[in-house]
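Below: the structure, in structure tokens.
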Amino acid sequence: MYKALASLLLFASVTLAQETQLGSDLRREGQELAKDCTNFKGFFGCAQTLFTGEPLHVSVGSLAPQNGVAFGPGFTFAKNLGENWRTTTSADAVVSTNQSWRAGIYFKAFYKPQQPIKVVTAPPAKKMEVAPGPVPTFNLYAQGISLNNIDYYGLGNFTPRSGEAVFGLTETIAGGNVIYPIFGNSGLALFGELNGRIFDPRGRTGQPAPSLPFVYPTDALAPGQLRSM
């Protein structure tokens, strides 16, 4: 398995041309897998590359409660655009043990203007500390998620556990946000976000608890849920 994955990464790097940044990253990752994953001594290095390597890795994480642990491929790629823009693109697609899933792509860009180079003829009066300052950050994202097991107990804070019902939900989210620092290093920033959501609830059978439409058959008991089922 490890040799096949390393060979795939090496093949991809050749396909994308090794002179490109992405091709170079794929080639180096393939070399690391080939080196660490073919002997027992490199076990920890192999695991680190498999689960945290760039640009390709294995994504592992839990979805919503009661929907299992999800596994799948992940991708991360950082690239500089010109002198002032730094970008990161990441994507993943995972499926959990109860067949719930999540897939998404995320793009981050921040603007860091280059400081002009100055010639200093005299030594500075005191030691100057160089620290990065806040910069404008832009995020774009699109994500789809499908959960097969969501519990519902009715309205209010004092509903009994005997009223448990289960349903599934598929949701798509797309949008972006901006973080724009103000007043230098004050720590203050303007934040704006715009996104859209499309959701599709559904009944769920084959579970210990009954499906939601059978327990709560009217919209008054489960507001907004039954209209889409």
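My numbering puts the first residue of the sequence shown at 4, with every later residue one more than the last.
We put the CB at the ideal spot given by N, CA and C, even for glycine.
*Could you tell me whether the stretch 57 to 75 touches the stretch 137 to 153, using the rule of 3 or more Cβ pairs below 8 Å?*
The way I'd put it, the stretch 57 to 75 does touch the stretch 137 to 153; three or more beta-carbon pairs between them come closer than 8 Å.
_Candidates Ala168, Ser189 and Ala37: closest to Ala225 by CA position_ = Numbered from 1 along the sequence shown, position 222 holds the residue referred to as residue 225. Minimum Cα distance to Ala225 is reached at Ala168.
_Which of the three DSSP states is assigned to Phe161 in this structure?_
What you label residue 161 is simply residue 158 of the sequence shown in a count that begins at 1. Phe161 falls in the coil class under three-state DSSP.
*With a Cβ-Cβ cutoff of 8 Å, do Phe110 and Pro139 count as a contact?*
To locate residue 110, count along the sequence shown from 1; it is residue 107. To locate residue 139, count along the sequence shown from 1; it is residue 136. It is not a contact, given that the beta carbons lie outside the stated cut-off.
*Under 8 Å between C-beta atoms of Pro204 and Leu172*: Locating residue 204 in the sequence shown gives position 201, where the first residue counts as 1. Locating residue 172 in the sequence shown gives position 169, where the first residue counts as 1. Going by C-beta atoms, Pro204 is nearer than 8 Å to Leu172.
*asked:* So, under 8 Å CB-CB, Arg105 and Ala73 are touching, yes? Tell me the CB distance rounded to an integer number of Å.
replied: The sequence position of residue 105 within the sequence shown is 102, counting from 1. The sequence position of residue 73 within the sequence shown is 70, counting from 1. Contact flag correct, Cβ pair sits at about 6 Å.
*Residue from Gly147, Pro76 and Ile201 whose Cα sits closest to the Cα of Gly107*: Sequence index remark: in the sequence shown, residue 107 carries index 104 (1-based). The shortest Cα separation from Gly107 among Gly147, Pro76 and Ile201 belongs to Gly147.
_beta strand (DSSP E) runs wholly inside the stretch 46 to 122, at least 3 long, in chain order_ = 59 to 65, 72 to 84, 88 to 99 and 104 to 114
*Among the residues of its own chain, which have a CB less than 6 Å from the CB of Gly56, if the five just before and after it don't count?*
The residue labelled residue 56 in the question sits at position 53 within the sequence shown. Excluding residues within five positions, the ones whose Cβ falls inside 6 Å are Glu32.
*For Gly206, which beta-bridge partners are listed by DSSP?*
Reading the sequence shown from its first residue, position 203 is the one you call residue 206. Bridge pairing for Gly206: Phe170 [DSSP].
*Where does Ala192 sit, in a helix, a strand or coil, going by DSSP?*
Position 189 of the sequence shown, counting from 1, holds the residue named residue 192. Here Ala192 sits in strand by DSSP.
*Where do the N-terminal and C-terminal ends of the beta strand (DSSP E) with Gly145 fall, by residue?*
Residue 145 sits at position 142 when you count from the first residue of the sequence shown. It is Ala, not Gly, that sits at residue 145 in the sequence shown. From DSSP, the beta strand (DSSP E) with Ala145 extends over Thr140 to Tyr155.
*Answer yes or no: do Asp95 and Gly75 have a C-beta to C-beta separation smaller than 8 Å?*
Taking the sequence shown and counting its residues from 1, one reaches residue 95 at position 92. Taking the sequence shown and counting its residues from 1, one reaches residue 75 at position 72. Yes, Cβ-Cβ distance for Asp95 and Gly75 is below 8 Å.
*Can you tell me the Cα-Cα spacing of Asn142 and Lys121, whole angstroms?*
Along the sequence shown, one-based indexing puts residue 142 at 139. Along the sequence shown, one-based indexing puts residue 121 at 118. Taking the straight line from one Cα to the other gives about 33 Å.
_Taking the alpha helix (DSSP H) that Asp39 belongs to, which residues open and close that run?_
In the sequence shown, the residue the question calls residue 39 occupies position 36. Asp39 -> alpha helix (DSSP H) spans Gln24 to Asp39.
*Quick one: Cα of Leu197 to Cα of Lys38, how far?*
On the sequence shown, residue 197 is found 194 positions in, with the first residue counted as 1. On the sequence shown, residue 38 is found 35 positions in, with the first residue counted as 1. Using only the alpha carbons, I get a separation of about 45 Å.
*Round the Cβ separation of Pro137 and Pro213 to the nearest angstrom and send it over; I've been treating them as touching at under 8 Å.*
Here residue 137 is taken as the residue at index 134 of the sequence shown, counted from 1. Here residue 213 is taken as the residue at index 210 of the sequence shown, counted from 1. Not a contact, Cβ separation roughly 52 Å.
_Own chain partners of Leu84 with C-beta closer than 7 Å, once the 5 adjacent residues on each side are dropped_ = Your numbering for residue 84 matches position 81 in the sequence shown. Same-chain partners within the cutoff: Thr90.
*Pairwise C-alpha distance: Gly190 and Ile182*: What you label residue 182 is simply residue 179 of the sequence shown in a count that begins at 1. What you label residue 190 is simply residue 187 of the sequence shown in a count that begins at 1. Taking the straight line from one Cα to the other gives about 12 Å.
*Backbone secondary structure at Pro216 - three-state DSSP*: In the sequence shown, residue 216 corresponds to position 213, counting from 1. Reduced to three states, the DSSP call for Pro216 is helix.
*Where Gln118 and Thr124 are concerned, what is the direct C-alpha to C-alpha distance, given to the nearest angstrom?*
The residue given as residue 118 occupies position 115 in the sequence shown. The residue given as residue 124 occupies position 121 in the sequence shown. Gln118 and Thr124: Cα-Cα distance of roughly 18 Å.
*For Val63, which option in Ser99, Thr208, Gly195 and Leu36 has the closest C-alpha, if you only look at C-alpha atoms?*
In the sequence shown, counting from the first residue as 1, residue 63 sits at position 60. If we check each option's Cα against that of Val63, Ser99 comes out closest.
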